[in-house]
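K.L.:
Number of protein chains: 2
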Amino acid sequence: MTVRPSTNRLSAQELRDIDAYWRAANYLTIGQIYLLDNPLLRKPLRLEHVKPRLLGHWGTSPGLSFIYAHLNRAIRQRDANVIYVCGPGHGGPAMVANTYLEGAYSETNPDIALDEAGMKRLFRQFSFPGGIPSHAAPDVPGSIHEGGELGYALSHAYGAAFDNPDLVVACVVGDGEAETGPLATSWHSNKFLNPAHDGAVLPFLHLNGYKIANPTILARIPEEELRALFIGYGYEPLFVEGDDPAMMHERMAVVLDDALDRIKAIQDTARSGAKTAQPRPKWPMIVLRSPKGWTGPKEVDGLKTEGFWRAHQVPLSGLAENPAHLKMLEEWMRSYRPEELFDAAGAPVSTIRATAPQGAMRMSANPHANGGLLRRSLELPGLHEHAVPVERPGSVKAEATRVMGSFLRDVMALNRGARNFRIVGPDETASNRLQDVFEVTERAWMEKILPEDVHLAREGRVLEILSEHTCQGWLEGYLLTGRHGFFSCYEAFTHIVDSMFNQHAKWLDACRKLAWRRPIASLNYLLSSHVWQQEHNGFSHQDPGFIDVALNKKADVVRVYLPADANSLLCVTDHVLRTWNRINVIVAGKANSWQWLSIDEAKVHCNAGIGIWQWASTDGGAEPDVVMACAGDVPTLETLAAAQILKRHIPKLKIRLVNVVDLMTLQPKEHHPHGLSDREFDALFTRDKPVIFAYHGYPWTIHRLTYRRTNHDNIHVRGYNEEGTTTTPFDMTVLNGLDRYHLVLGVLDRIPEPAGAHVQLRQAMEGKLIEHGAYIREHGRDIPEILDWKWEQ
Amino acid sequence: MTVRPSTNRLSAQELRDIDAYWRAANYLTIGQIYLLDNPLLRKPLRLEHVKPRLLGHWGTSPGLSFIYAHLNRAIRQRDANVIYVCGPGHGGPAMVANTYLEGAYSETNPDIALDEAGMKRLFRQFSFPGGIPSHAAPDVPGSIHEGGELGYALSHAYGAAFDNPDLVVACVVGDGEAETGPLATSWHSNKFLNPAHDGAVLPFLHLNGYKIANPTILARIPEEELRALFIGYGYEPLFVEGDDPAMMHERMAVVLDDALDRIKAIQDTARSGAKTAQPRPKWPMIVLRSPKGWTGPKEVDGLKTEGFWRAHQVPLSGLAENPAHLKMLEEWMRSYRPEELFDAAGAPVSTIRATAPQGAMRMSANPHANGGLLRRSLELPGLHEHAVPVERPGSVKAEATRVMGSFLRDVMALNRGARNFRIVGPDETASNRLQDVFEVTERAWMEKILPEDVHLAREGRVLEILSEHTCQGWLEGYLLTGRHGFFSCYEAFTHIVDSMFNQHAKWLDACRKLAWRRPIASLNYLLSSHVWQQEHNGFSHQDPGFIDVALNKKADVVRVYLPADANSLLCVTDHVLRTWNRINVIVAGKANSWQWLSIDEAKVHCNAGIGIWQWASTDGGAEPDVVMACAGDVPTLETLAAAQILKRHIPKLKIRLVNVVDLMTLQPKEHHPHGLSDREFDALFTRDKPVIFAYHGYPWTIHRLTYRRTNHDNIHVRGYNEEGTTTTPFDMTVLNGLDRYHLVLGVLDRIPEPAGAHVQLRQAMEGKLIEHGAYIREHGRDIPEILDWKWEQ
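So the sequences go chain by chain: A and B. Under the working numbering, the first residue of the first sequence is numbered 1, with each subsequent residue one higher. Under the working numbering, the first residue of the second sequence is numbered 1, with each subsequent residue one higher.
#1: Quick one: residues in its chain with C-beta nearer than 7 angstroms to the C-beta of G825 (chain A), no 5 flanking neighbours on either side, listed in chain order?
#2: Taking three-plus beta-carbon pairs below 8 angstroms as touching, is the region 442-452 of chain A in contact with the region 499-514 of chain A?
#3: Compare the C-beta of V585 (chain A) with all C-beta atoms of chain B and state if any pair is closer than 8 angstroms.
#4: Determine the burial state of N592 (chain B): buried for a count of at least 16 other Cβ atoms within 10 Å of its Cβ, exposed for fewer.
#5: What's the C-alpha gap between K43 (chain A) and M328 (chain A)?
#6: Since D543 (chain A) meets chain B, which of its residues come closer than 7 angstroms, beta carbon to beta carbon?
#7: State yes or no: is the C-beta of Y233 (chain B) within less than 8 angstroms of the C-beta of P284 (chain B)?
#8: Please list, in chain order, the residues of the region 183-210 of chain B that have any C-beta partner in chain A closer than 7 angstroms.
#9: May I ask which residues mark the beginning and end of the alpha helix (DSSP H) holding W332 (chain B)?
#10: Take every Cβ of the region 407-415 of chain B, pair it with every Cβ of the region 376-383 of chain B, and state whether three or more of those distances are shorter than 8 angstroms.
#11: Could you spell out where the alpha helix (DSSP H) holding G751 (chain A) opens and where it closes?
#12: Using a threshold of 8 angstroms, state whether the C-beta atoms of I75 (chain B) and M361 (chain B) are closer than that.
#13: Within the same chain, show all residues whose beta-carbon is closer than 6 angstroms to that of E14 (chain B), passing over the 5 residues directly before and after it, in chain order.
#14: Could you tell me which whole alpha helix (DSSP H) segments of length 4 or greater appear in the region 572-619 of chain B?
#15: Could you name the residues of the same chain whose beta carbon sits closer than 6 angstroms to that of T494 (chain B), not counting the 5 residues immediately before and after it, in chain order?
#16: Round the Cβ separation of V390 (chain B) and V403 (chain B) to the nearest angstrom and send it over; I've been treating them as touching at under 8 angstroms.
#17: Taking only three categories from DSSP, how would you classify G103 (chain A)?
#18: Helix, strand or coil for M1 (chain B) per DSSP?
#19: Let's see if you can read the secondary structure: which residues bound the alpha helix (DSSP H) around K120 (chain A)?
#20: Leaving out five residues before and five after S677 (chain B) in sequence, what residues of the same chain have Cβ atoms less than 6 angstroms from its Cβ?
#21: Answer with yes or no whether the minimum CB distance from E179 (chain A) to chain B is below 8 angstroms.
#22: What's the gap between the Cα of L41 (chain A) and the Cα of P338 (chain A)?
#23: Enumerate, from N- to C-terminal direction, the unbroken beta strand (DSSP E) stretches of 3 or more residues contained entirely within the region 134-205 of chain A.
#24: Taking only three categories from DSSP, how would you classify S6 (chain B)?
#25: Within 8 angstroms (strictly less), CB to CB, does S540 (chain B) reach chain A?
#26: Take L64 (chain B) as the anchor and find which of B:G174, B:T108, B:L47 has the nearest alpha-carbon.
#27: Which partner residues of E236 (chain A) appear in the DSSP bridge assignment?
#28: If you follow the alpha helix (DSSP H) that V549 (chain B) is in, where does it begin and where does it stop?
#29: With a threshold of 6 angstroms on Cβ separation, who are the neighbours of D788 (chain A) within its own chain once the five nearest residues in sequence on each side are excluded?
#30: Can you look up I655 (chain B) in the DSSP assignment and give me helix, strand or coil?
#31: Which same chain residues end up closer than 6 angstroms to N81 (chain A) when comparing Cβ atoms and leaving out the 5 residues on each side of it in sequence?
#32: So, helix, strand or coil for S488 (chain A), using DSSP?
#33: Within the 8 angstroms Cβ cut-off, does K506 (chain B) reach chain A?
What follows is the structure, encoded as structure tokens:
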């Protein structure tokens with residue numbers, strides 16, 4: 001063990017006060033789990049004071065409050081700026097208890113005052129219908145991490161620490177959560193944290209030994225392996241182990257001071273500009289080994305409870321059937337001596353309140369944990385300076401994401417001073433062609449940098465780790481503390497963070513009901529290297545289903561954009577960076593492709609989200625014979641090519657070409673704020689004409705969005721049918737029936753045909769498909785007709 | 001370093017042979033990436049011999065072949081039974097090269113023979129339209145791991161090793177993949193592997209230093225941290241580091257022998273029954289640090305390439321524009337001296353072929369890697385012995401998953417001898433009420449076991465780790481090597497493995513096209529603790545969207561079952577355990593609930609997958625006025641309760657009650673093999689009557705499945721609308737409009753109403769909703785009317 005020998009760091013009074021605070025927090029935790037009434041136990045406890053449904057988790061709570069109490073002392077003594085990330089999801093009642101003791105809970109919930117009536121309401125609402133959930137959900141002041149789904153505490157903590165040089169993020173990692181993959185790799189976040197300009201993360205690995213019904217791995221491995229593991233992760237592990245409260249208070253005080261001293265020393269060195277042999281410091285972390293359900297019933301019905309998994313949820317249950325349990329509950333609660341902890345009115349006594357910091361120094365009131373308070377809008381560059389000049393549609397080619405990269409470069413440069421914009425990604429920033437950002441910043445890297453390395457720097461603002469989970473967690477933590485960012489990812493592998501997306505969407509949804517939670521910047525995804533452009537990879541990299549996961553979440557939180565060209569992508573990028581409390585999913589390819597809209601046209605089009613491309617239509621603005629709709633860059637290209645073939649061969653056919661940028665426009669207005677009214681929808685898609693809809697993803701997604709529309713029965717969608725392999729983008733469209741030739745055939749199938757009039761065109765299309773198949777299998781590349789195709793009005 | 005000092009383990013001849021084999025593998029790798037023709041370079045290399053699209057990944061390949069070559073020597077010398085899990089996804093061409101050298105590739109692909117013409121085809125097909133992808137996909141003999149998406153190599157390897165005592169699973173983990181969360185935690189799989197009855201996993205951490213465009217973390221951290229990390233993970237790390245081939249061959253031979261000796265010693269000790277101080281052995285693992293793109297071009301255009309990320313994909317490109325590159329490519333390929341490696345016909349020379357093992361000892365032909373060859377059907381218990389006796393619908397209550405648990409207990413017991421059945425889950429086997437399995441086995445646990453521990457044993461067959469990724473990876477590895485299993489998981493958190501599900505579904509889909517890949521047992525999920533039963537947790541635990549992810553994959557691979565009661569769940573469980581090459585998703589609750597069907601009725605109903613519950617209908621078998629459809633246990637309960645109310649109040653109303661077990665029946669027959677024909681569908685759902693469909697998940701899922709059906713416009717779906725919190729299951733249905741009262745109102749809205757006839761019933765329903773809301777917010781539990789509800793005919 002590397003800590004200094006334990007000394008009496010706490011005075012006797014401090015020890016008493018900190019213990020009283022801890023007892024109060026524990027008492028309030030148990031009260032929330034159990035009591036409907038008689039909150040201060042001023043009467044003997046009777047069954048009618050107890051909740052009919054006993055829900056909640058005691059096991060992890062005393063450890064969480066223990067850490068909270070000690071952090072409070074340190075904050076006061078050092079004037080430290082600390083927030084608390086509570087990994088153990090089920091520690092909700094403990095976090096609520098602490099924030100109530102600090103007064104912040106009453107500030108955000110005035111009906112839950114610091115008195116007996118307030119305490120009764122506090123207890124009652126917990127895990128009660130219409131009340132609050134059992135995690136550190138958005139309703140808990142000071143929380144940026146709900147933790148219902150485990151794995152992301154540490155990446156959230158690091159995300160909060162980036163570019164917050166004065167902040168210490170205390171992060172409690174439960175030993176259950178520590179077994180998850182995302183958590184296991186997020187310890188490596190220290191390779192990206194720069195002590196000169198970032199804050200610090202102080203992880204507490206809380207070993208209370210058990211999950212729901214099992215021991216935990218890290219609590220049972222030999223201690224030398226545990227120590228080696230964290231040394232291996234690059235930390236200096238400090239240990240606090242035991243179960244005697246007084247000794248543990250002493251020990252924690254010593255170790256916590258040691259850890260904070262080490263953090264300060266690391267930061268002082270880095271900020272002095274001194275060179276260090278090893279660029280990345282060995283940050284401290286604390287291992288707290290304490291019993292599960294610490295200070296709770298030692299045994300229940302003859303079975304070990306404290307220090308075992310039986311303490312995980314509600315240690316004493318069946319109170320109605322078992323009066324002895326009711327008695328034990330009362331004794332247990334009275335063991336904290338509530339009469340010493342709360343005054344006549346029911347408020348925490350002044351010595352307890354004095355152990356907590358005041359005002360915004362309280363972890364429950366730290367503005368970093370309500371990041372919207374600190375959010376400053378980004379400075380954004382002008383769109384015209386980045387726009388691709390497009391004199392007429394299809395006259396010039398560009399790589400859409402590269403153009404976006406030049407825009408993001410300027411975003412990075414313009415906000416350099418504010419240090420509030422980051423790009424994250426799993427080693428794909430350049431692969432997704434956003435490499436222009438490296439003209440103004442580098443990739444963050446705190447390990448050794450070799451002479452041959454390219455775009456690595458300790459000051460870099462692009463964060464790349466081959467862990468989508470860590471990228472997402474960092475970005476969420478960064479946004480939740482009031483900053484801005486972008487996540488670029490291979491489309492197929494965004495599924496890796498499906499569940500994180502879900503949880504963040506739920507967090508944002510819950511925040512909308514809490515006026516005191518100020519809006520945070522939206523989480524913006526660029527999904528590139530998409531399903532249609534996987535020449536290097538093939539089937540395993542072909543999956544456009546993330547959109548479907550996104551669409552399951554609350555409409556007002558989610559947006560999905562499919563810009564068809566570079567200028568549209570620019571407009572969408574500019575837009576999403578101005579939004580808040582949303583998750584914006586942008587899908588855009590990186591291939592060098594024809595461009596359709598000037599920047600001014602793109603602005604109008606993207607603003608509407610959907611529209612007729614009159615220049616590509618042949619309906620002269622009147623009712624068309626057929627609507628050709630498209631969403632996504634590759635489907636748009638194929639639709640235009642099909643429309644051109646049809647124009648040439650059936651000049652009288654009235655085609656209307658509709659391009660969709662904002663997928664949400666397709667939904668009914670009552671389902672999504674961007675949804676078109678039925679009248680608007682019908683005006684675009686007609687009430688009865690065939691619609692051939694070429695869509696980027698799984699075709700049924702369009703049906704799901706449009707099934708209530710008047711003309712739904714006539715909408716025929718082509719999309720990705722899970723037919724994939726390593727081949728050219730054009731061949732991919734052929735495999736899935738989304739190519740120009742199949743689209744033409746699709747139109748021919750659905751328009752009235754003067755006897756035999758279209759036989760020749762049909763045969764020609766079928767011939768093209770055969771020719772393509774033969775050519776590509778022979779030559780391994782597309783036939784020149786495809787490669788050389790041009791839009792001609 | 002803990003390895004023995006390097007000695008000359010290899011004779012000069014062995015060294016020459018192994019190096020020749022390695023050169024041949026490297027040559028064949030480059031050939032696949034570059035050549036269309038002139039495979040043996042018997043003519044000077046010209047541009048027309050080179051592929052028009054250069055795709056593939058050289059960087060990781062030489063290291064993979066180096067390991068392969070050395071494993072081959074060890075297999076021959078020790079008669080070892082080894083399979084090779086190739087984590088670096090892009091090592092596809094290397095794996096193909098090795099399996100071709102061993103002859104196995106030609107055995108599964110007879111047109112790709114061991115001669116010049118075969119080699120030409122081998123080269124041409126790689127990353128070529130209609131050819132093979134760039135990973136170790138199912139078409140590569142000996143592969144059980146494609147690796148396109150990174151993170152699962154090691155959990156697959158452990159899954160393969162469980163219950164295969166004679167097998168050594170060599171598993172190469174790339175240093176890119178090592179950064180992913182799933183991989184980072186899967187090192188802890190050693191806590192679950194029992195040397196007495198499981199095989200061994202020998203991990204090779206391949207540090208070649210770089211990802212696509214970045215250094216890797218593990219290759220750059222100080223060596224003492226790297227060593228500590230693996231000691232911390234519980235391994236004995238052995239190092240092979242360098243770039244000089246001859247020295248590296250020597251070193252790898254020594255270290256590999258050392259590792260295999262250690263494995264044998266561990267197994268011998270365990271199998272002798274000797275007690276060891278520490279129950280879990282310190283298994284060896286090998287760190288191979290070698291240059292990225294080893295033996296490739298050192299510099300290209302003046303930029304470092306070998307040993308840098310520029311070697312990741314195609315080191316030399318733009319050959320058409322740059323004749324110097326073409327020249328470099330030829331020199332590079334000739335540096336392997338192909339004329340020494342292949343005979344006149346183009347086959348590998350005999351000394352090379354002799355370095356590989358023969359027959360089924362070849363890693364490319366090991367039957368464990370084509371697990372269907374070894375798969376034995378499970379012995380299954382009779383359904384009647386586990387069935388809940390149900391004399392009439394709604395006469396008895398049961399916990400569905402607990403009944404399933406008793407069935408699984410007997411599956412476990414009946415197949416004890418075969419050791420081919422495992423249950424995996426993230427600490428939720430008991431929480432999901434499958435605890436009866438612990439009557440016949442325990443949870444596997446190789447760490448210390450304390451006196452108070454419950455159901456932990458070194459011999460346990462239930463695998464629990466708080467990592468859904470690891471559970472899924474283990475089970476996939478177990479199934480891919482010919483065994484059977486079940487994964488039980490909280491419904492919401494199945495999203496954590498969305499992307500793993502996707503990749504496994506793609507694997508199965510690809511296998512269907514390869515006759516030599518024998519069918520493997522299906523991957524079976526039980527999603528329990530589902531969206532409607534989250535009293536302890538609330539919003540973060542409420543997400544039925546995994547079904548939607550599943551439905552995006554190829555129809556023939558995926559099945560989704562929503563049994564409404566215990567006997568239906570039994571029938572479905574029995575069925576899925578008999579199936580192969582599928583992914584079966586079962587959603588079932590654990591609450592004590594009314595039962596509807598006897599086991600014989602359940603068999604008929606589940607076999608059809610959908611059907612009319614005549615006993616609950618009032619249409620007398622004739623055309624109904626309204627169809628009330630339901631899928632899922634809670635929606636079925638609410639639908640029956642609604643039907644009962646309607647019957648009582650509008651006795652003349654002809655209601656048809658349809659219950660759906662197999663969601664796939666709703667799809668058109670041409671979309672899914674289980675899909676009903678339109679005639680069958682119309683016979684159930686009518687062509688024009690209102691359908692009130694109460695569904696377990698997101699309502700649009702039903703629309704997506706039925707949008708082409710005749711009566712689709714009349715289908716009104718109630719389901720989960722993302723309205724959640726910590727409350728009772730019944731209150732959850734109210735929040736989402738799926739409760740009995742809303743369902744009655746839904747019916748009333750859609751049936752013709754004799755003037756004012758239903759006003760009273762409407763008001764009664766609205767009154768019930770108000771009464772419920774007031775009661776639950778006051779009392780925290782459902783009103784007795786709900787709790788005491790009973791089905792009455």
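Even for Gly, the Cβ is constructed at its ideal location relative to N, Cα and C.
P.N.:
Let me spell this out:
#1: This structure cannot settle anything about residue 825 (chain A), because the visible part of chain A is limited to 1 through 793.
#2: Contact fails: fewer than three Cβ-Cβ distances are below 8 angstroms.
#3: No, its Cβ sits nowhere closer than 8 angstroms to a Cβ of chain B.
#4: Exposed, by the Cβ-count rule.
#5: Cα-Cα distance, rounded: 15 angstroms.
#6: Residues of chain B passing the Cβ test: N502.
#7: Taking 8 angstroms as the Cβ cut-off, Y233 (chain B) and P284 (chain B) do not qualify as a contacting pair.
#8: The residues in question are A184, T185, H188, K191.
#9: Segment 323-334, the alpha helix (DSSP H) holding W332 (chain B).
#10: Yes: the two stretches touch, three or more of their Cβ pairs being nearer than 8 angstroms.
#11: Before going further, note that residue 751 (chain A) is Ile rather than Gly in the sequence given. Counting along the chain, I751 (chain A) sits inside no alpha helix (DSSP H), nor does DSSP assign it H or E at all.
#12: Yes, these two residues count as a Cβ contact at 8 angstroms.
#13: There are no such residues.
#14: Counting only runs of 4 or more residues that sit fully inside the region 572-619 of chain B, the alpha helix (DSSP H) segments are 599-608, in chain order.
#15: Cβ-Cβ distances below 6 angstroms link T494 (chain B) to L527, F546 in the same chain, with the five nearest sequence neighbours on each side left out; the list follows chain order.
#16: Incorrect: roughly 11 angstroms between the Cβ atoms, too far for contact.
#17: Reduced to three states, the DSSP call for G103 (chain A) is coil.
#18: Any reading at M1 (chain B) must be qualified, since the residue scores a pLDDT of 36, below 50, and its modelled position is unreliable; no value is offered.
#19: Per DSSP, K120 (chain A) belongs to the alpha helix (DSSP H) from 116-125.
#20: Spatial neighbours of S677 (chain B) in its own chain (CB-CB distance under 6 angstroms, excluding positions within 5 residues in sequence) are listed in chain order as K669.
#21: Chain B, which has a Cβ nearer than 8 angstroms to the Cβ of E179 (chain A), makes this yes.
#22: So the two alpha carbons sit approximately 8 angstroms from each other.
#23: Taking only runs of at least 3 residues, the beta strand (DSSP E) segments lying wholly in the region 134-205 of chain A are 167-174.
#24: Summary for S6 (chain B): the model assigns pLDDT 46, below 50, so the residue's position carries little reliability; its value from the coordinates is reported in the next sentence. Here S6 (chain B) sits in coil by DSSP.
#25: S540 (chain B) belongs to the set of residues whose beta carbon lies under 8 angstroms from a beta carbon in chain A.
#26: The option with the nearest alpha carbon to L64 (chain B) is B:G174.
#27: DSSP output for E236 (chain A) lists A:P284 as bridge partner(s).
#28: Where V549 (chain B) is concerned, the enclosing alpha helix (DSSP H) stretches over 546-551.
#29: Cβ contact annotation for D788 (chain A) (same chain, cutoff 6 angstroms, sequence separation greater than five): none.
#30: In the three-state scheme derived from DSSP, where H, G and I count as helix and E and B as strand, I655 (chain B) is classed as strand.
#31: So the qualifying residues of the chain are D166, L167.
#32: Reduced to three states, the DSSP call for S488 (chain A) is strand.
#33: Output row for K506 (chain B): interface = yes.
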